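A.B. asks: Residue numbers (the working numbering), protein chains in the order written: chain A, 1 to 180; chain B, 181 to 334.
By construction, the Cβ of each residue, glycine as well, lies at the ideal position given by its N, Cα and C atoms.
Computed from a predicted structure; not experimentally measured.
(1) On a CA-only basis, which of 143(A), 120(A), 68(A) and 114(A) is nearest residue 97(A)? Give me that one, please.
(2) What residues from chain B crowd round residue 53(A), counting only those whose CB sits closer than 8 Å?
(3) Residue 10(A): buried (16+ other C-beta within 10 angstroms of its C-beta) or exposed?
(4) With which residues is residue 218(B) paired in a DSSP beta bridge?
(5) Name the DSSP beta bridge partners of residue 150(A), please?
(6) Whole angstroms are fine: how far does the CA of residue 23(A) sit from the CA of residue 251(B)?
(7) Indicate whether the contact test is met: 3 or more Cβ pairs, each with one atom in the segment 217 to 227 of chain B and one in the segment 256 to 269 of chain B, closer than 8 Å.
(8) With residue 328(B) as the anchor, note down where its alpha helix (DSSP H) starts and where it stops.
(9) Within this structure, are the beta carbons of residue 184(A) and residue 123(A) separated by less than 8 Å?
(10) Closer than 8 Å by C-beta to residue 210(A): which residues in its own chain qualify, once you throw out the five before and the five after it? Chain order, please.
(11) Give me the chain B residues within the contact set of residue 110(A), using Cβ-Cβ distance strictly less than 7 Å, ordered along the chain.
(12) Using the Cβ count rule (16 or more neighbours within 10 Å means buried), how would you classify residue 331(B)?
(13) Would you tell me roughly how many angstroms separate the C-alpha atoms of residue 221(B) and residue 91(A), rounded to the nearest one?
(14) Could you list the residues in the segment 241 to 255 of chain B with a C-beta less than 8 Å from some C-beta on chain A, going in chain order?
(15) Check each candidate in 166(A), 129(A), 95(A) and 125(A) and name the one with the smallest Cα separation from residue 58(A).
(16) Have a look at 322(B), 297(B) and 303(B) and flag the residue whose alpha-carbon is nearest the alpha-carbon of residue 8(A).
(17) Any C-beta of chain A within less than 8 Å: which residues of the segment 215 to 231 of chain B qualify?
(18) Roughly how many whole angstroms lie between the Cα atoms of residue 204(B) and residue 210(B)?
(19) Could you name the residues of chain A that residue 289(B) contacts, counting a contact when the two beta carbons are closer than 9 Å?
(20) Using the C-alpha atoms, what's the distance from residue 213(B) back to residue 260(B)?
(21) Quick check on DSSP: helix, strand or coil for residue 127(A)?
(22) Beta-carbon of residue 212(B) versus every beta-carbon of chain A: anything under 8 Å?
(23) Could you name the residues of the same chain whose beta carbon sits closer than 8 Å to that of residue 231(B), not counting the 5 residues immediately before and after it, in chain order?
(24) Taking C-alpha atoms, which residue in 49(A), 106(A) and 154(A) lies nearest to residue 146(A)?
(25) Can you tell me where the beta strand (DSSP E) with residue 241(A) in it begins and where it stops?
(26) Please name the residue or residues paired with residue 105(A) in a DSSP beta bridge.
(27) Can you find the residues in the same chain that come closer than 8 Å, C-beta to C-beta, to residue 286(B), ignoring five residues on each side of it along the sequence?
(28) To be precise: take each residue of the segment 79 to 93 of chain A, compare its Cβ to all Cβ atoms of chain B, and keep it if any distance is under 8 Å. Which residues remain?
(29) Excluding the 5 residues flanking residue 45(A) on each side, which residues of the same chain have their C-beta closer than 6 Å to its C-beta?
(30) Would you report the Cα separation of residue 121(A) and residue 38(A), rounded to the nearest angstrom?
(31) Pull up the distance between the alpha-carbon of residue 300(B) and that of residue 13(A), whole angstroms please.
(32) From the DSSP output, in three-state form, read off residue 122(A) for me.
(33) Assuming residue 143(A) and residue 162(A) make a contact with CB atoms under 8 Å, what is their CB distance in whole Å?
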């Protein structure tokens with residue numbers, strides 16, 4: 001018969017290892033979207049529960065259905081985000097008359113710093129906030145900036161993990177604006 | 181009289197400022213830094229020396245320190261900005277409770293294991309030598325010991 005003490009120690013060790021594995025695996029970013037896009041699929045954009053950056057009013061990604069949405073995850077402390085902002089503002093002005101919008105999602109940021117950033121770079125596109133960065137985890141976000149292109153049917157059609165450039169915008173956003 | 185009035189006026193002006201200076205700051209950046217996390221880096225703020233987000237967070241804490249806020253007030257402000265995950269010790273609710281439960285269970289388990297081992301060893305030693313813990317004396321020795329003890333019996 002197995003002695004109860006080694007058995008208890010064994011169970012405790014297994015439980016601790018399982019806890020460690022859970023902790024490590026639950027912190028890694030999901031790459032499901034990337035895989036689906038690589039296979040040519042257009043997965044439905046995940047439901048994101050966000051708030052407006054300035055007033056804190058509740059907003060959802062579903063509120064923008066019917067529009068071409070270029071969702072840009074950013075933070076005021078992120079250096080590439082600063083370099084990317086003027087390009088996004090230019091494209092927002094181009095998208096707006098064609099039923100599109102850039103949608104900023106500020107995350108893990110100090111609200112005052114984020115508002116200063118918007119003022120400094122004269123950004124006019126809507127700005128939402130994911131205070132703890134939990135909602136955007138559904139997009140597999142792990143670095144900043146990251147950009148997701150969502151069509152009028154609410155499907156993710158392209159993404160960029162890292163800053164976008166004009167060539168990327170011309171390749172992905174411009175054709176989508178032509179589609180009804 | 182004029183000089184006395186002027187001195188009194190100066191004292192009245194200086195006294196509140198001096199008391200304010202004595203009460204402020206209530207805490208320091210270093211004091212707050214070791215109790216909060218850099219949420220993006222995933223490490224305590226004190227260890228995130230180079231990260232831009234950590235530097236912003238430090239600047240925010242410094243501003244709050246200079247505004248004479250207490251450590252708890254600053255931690256509350258940080259939670260309002262970043263959520264609970266900014267705290268180095270998470271609040272005792274939901275899955276976070278595991279962070280408090282596991283160390284307590286490990287300590288309890290350790291104490292139980294040591295106690296069980298000690299009891300088992302004692303039981304084994306008792307089984308090996310049942311009865312007295314010292315060997316019994318032979319008949320002559322016992323009689324001699326008894327006689328010696330009687331001699332010293334006052």
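C.D. replies: Quick look at the numbers:
(1) Reading the first chain from its first residue, position 97 is the one you call residue 97(A). Of the candidates 143(A), 120(A), 68(A) and 114(A), the one whose C-alpha sits nearest the C-alpha of residue 97(A) is 68(A).
(2) In the first chain, the residue the question calls residue 53(A) occupies position 53. The premise fails here: residue 53(A) is roughly 12 Å from chain B at the closest Cβ pair, so nothing lies under 8 Å.
(3) Position 10 of the first chain, counting from 1, holds the residue named residue 10(A). Under this definition residue 10(A) is an exposed residue.
(4) On the second chain, position 38 is the one that residue 218(B) refers to. DSSP output for residue 218(B) lists 223(B) as bridge partner(s).
(5) Along the first chain, read from residue 1 onward, the residue named residue 150(A) stands at position 150. For residue 150(A), which the question treats as bridged, DSSP gives the partners 69(A) and 156(A).
(6) One-based indexing of the second chain puts residue 251(B) at position 71. One-based indexing of the first chain puts residue 23(A) at position 23. When rounded, the distance between both Cα atoms is 29 Å.
(7) yes
(8) Translated into positions along the second chain, residue 328(B) becomes position 148. Note, residue 328(B): alpha helix (DSSP H), 319 to 331.
(9) As displayed, chain A neither begins before 1 nor continues past 180, which places residue 184(A) out of reach and without an answer.
(10) Since the first and last residues shown for chain A are 1 and 180, residue 210(A) lies out of range.
(11) Counted from its first residue, the first chain places residue 110(A) at position 110. In chain order: 236, 240 and 261.
(12) Position 151 of the second chain, counting from 1, holds the residue named residue 331(B). When all chains shown are included, residue 331(B) counts as exposed.
(13) Residue numbering aside, residue 221(B) sits at position 41 when the second chain is read from its first letter. Residue numbering aside, residue 91(A) sits at position 91 when the first chain is read from its first letter. Looking at the two C-alpha atoms, the distance is approximately 31 Å.
(14) none
(15) The sequence position of residue 58(A) within the first chain is 58, counting from 1. Out of 166(A), 129(A), 95(A) and 125(A), 129(A) has the C-alpha closest to the C-alpha of residue 58(A).
(16) Mapped onto the first chain, residue 8(A) falls at position 8. Of 322(B), 297(B) and 303(B), the residue nearest in Cα terms is 297(B).
(17) 219, 220 and 222
(18) If you number the second chain from 1, residue 204(B) lands on position 24. If you number the second chain from 1, residue 210(B) lands on position 30. Going by the C-alpha atoms only, they are around 15 Å apart.
(19) Translated into the one-based positions of the second chain, residue 289(B) becomes position 109. The answer, in chain order, is 8, 9 and 12.
(20) Your numbering for residue 260(B) matches position 80 in the second chain. Your numbering for residue 213(B) matches position 33 in the second chain. Straight-line Cα distance between these residues: approximately 17 Å.
(21) Taking the first chain and counting its residues from 1, one reaches residue 127(A) at position 127. DSSP places residue 127(A) in strand when its eight states are reduced to three.
(22) For the purposes of this step, residue 212(B) is identified with residue 32 of the second chain, where counting begins at 1. For residue 212(B), the answer is no, since every Cβ of chain A falls outside 8 Å of its Cβ.
(23) Residue 231(B) sits at position 51 when you count from the first residue of the second chain. Result list for residue 231(B): 218, 220 and 221, in chain order.
(24) Taking the first chain and counting its residues from 1, the one referred to as residue 146(A) is at position 146. When each option's Cα is compared against that of residue 146(A), the closest is 106(A).
(25) Here chain A has residues from 1 to 180 only, and residue 241(A) is not among them.
(26) The residue you call residue 105(A) lines up with position 105 of the first chain. 73(A) and 128(A), per the DSSP bridge assignment.
(27) Along the second chain, one-based indexing puts residue 286(B) at 106. Hits under 8 Å: none found.
(28) 79
(29) For the purposes of this step, residue 45(A) is taken as residue 45 along the first chain, with counting starting at 1. These residues qualify, in order along the chain: 61, 150, 154 and 156.
(30) If you number the first chain from 1, residue 121(A) lands on position 121. If you number the first chain from 1, residue 38(A) lands on position 38. One C-alpha to the other measures close to 34 Å.
(31) The sequence position of residue 300(B) within the second chain is 120, counting from 1. The sequence position of residue 13(A) within the first chain is 13, counting from 1. Going by the C-alpha atoms only, they are around 22 Å apart.
(32) For the purposes of this step, residue 122(A) is identified with residue 122 of the first chain, where counting begins at 1. Reduced to three states, the DSSP call for residue 122(A) is coil.
(33) Taking the first residue of the first chain as position 1, residue 143(A) is located at position 143. Taking the first residue of the first chain as position 1, residue 162(A) is located at position 162. Indeed, because the Cβ distance is near 7 Å, the residues count as touching under 8 Å.
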